[in-house]
Amino acid sequence: MKLPSKSTVIRVFRALAVAEAFSWAALLTGMYFKWVARTTELGVEIAGPIHGALFVAYGVAALALWRLQRWPFPVAFFAGVSAVFPFATVLFERWAGKRGYLTAPGTDRRAAREHETAGV
Numbered sequence: 402m403k404l405p406s407k408s409t410v411i412r413v414f415r416a417l418a419v420a421e422a423f424s425w426a427a428l429l430t431g432m433y434f435k436w437v438a439r440t441t442e443l444g445v446e447i448a449g450p451i452h453g454a455l456f457v458a459y460g461v462a463a464l465a466l467w468r469l470q471r472w473p474f475p476v477a478f479f480a481g482v483s484a485v486f487p488f489a490t491v492l493f494e495r496w497a498g499k500r501g502y503l504t505a506p507g508t509d510r511r512a513a514r515e516h517e518t519a520g521v
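For the sequence shown, the positions run 402 to 521 when this note's numbering is used.
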């Protein structure tokens, strides 16, 4: 069985970070209509399972990157914690990208960090 490449896992992780944030927005909207407006539960019934699946997928991708990229424990910890708070996965993804934790194979982390901080 061939495992996916690091660059593929990184791309999937970045996409899941954004998708998980959008699913949070959909779920929060559904919760508004269910609990505040008291009009329909449809938003929660649809967005809930989607958000749950994306939450789990994001967590699995973060664990895979922890192993593949050899992240320090605090980085992996904050990746996981970011999924608990609405929209924090996007903030974590940007933070990790700027610090070189989401670099493709063969790319020097230090050079990636210098490139990101230089604003190039």
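Positions of the beta carbon are idealized from the N, C-alpha and C atoms, including for glycine.
Neighbour-count burial assignment, residue i, 16 or more Cβ in a 10 Å radius
i	result
Ile411	buried
Ala426	exposed
Thr409	exposed
Thr440	exposed
Trp472	buried
CA nearest to the CA of residue i, picked from the options
i	options	result
Gly460	Phe479, Gly449, Val445	Phe479
Val482	Ala418, Ser408, Arg471, Thr441	Ala418
Leu464	Ala477, His452, Ala454, Leu455	Ala477
Ala484	Phe474, Ala462, Gly431	Ala462
Straight-line gap, residue i to residue j (C-alpha atoms, nearest Å)
i	j	result
Leu466	His452	21 Å
Arg415	Trp496	12 Å
Pro487	Phe456	11 Å
Leu404	Val413	14 Å
Ser406	Leu469	9 Å
Val521	Lys499	Bear in mind that the predicted position of Val521 carries a pLDDT of just 46, short of 50, making it too unreliable to give a figure here.
Leu503	Met402	24 Å
Trp443	Met432	Reading off the sequence shown, one finds Leu at residue 443, where the question assumed Trp. Cα to Cα, the separation comes out at about 9 Å.
Lys435	Ala458	26 Å
Val437	Ala454	25 Å
Pro475	Gly501	15 Å
Taking one C-beta from the segment 417-424 and one from the segment 488-499 each time, how about it: are there three or more such pairs within less than 8 Å? yes
Check whether the segment 427-436 touches the segment 444-453, taking contact to mean three or more Cβ pairs, one atom from each stretch, closer than 8 Å. yes
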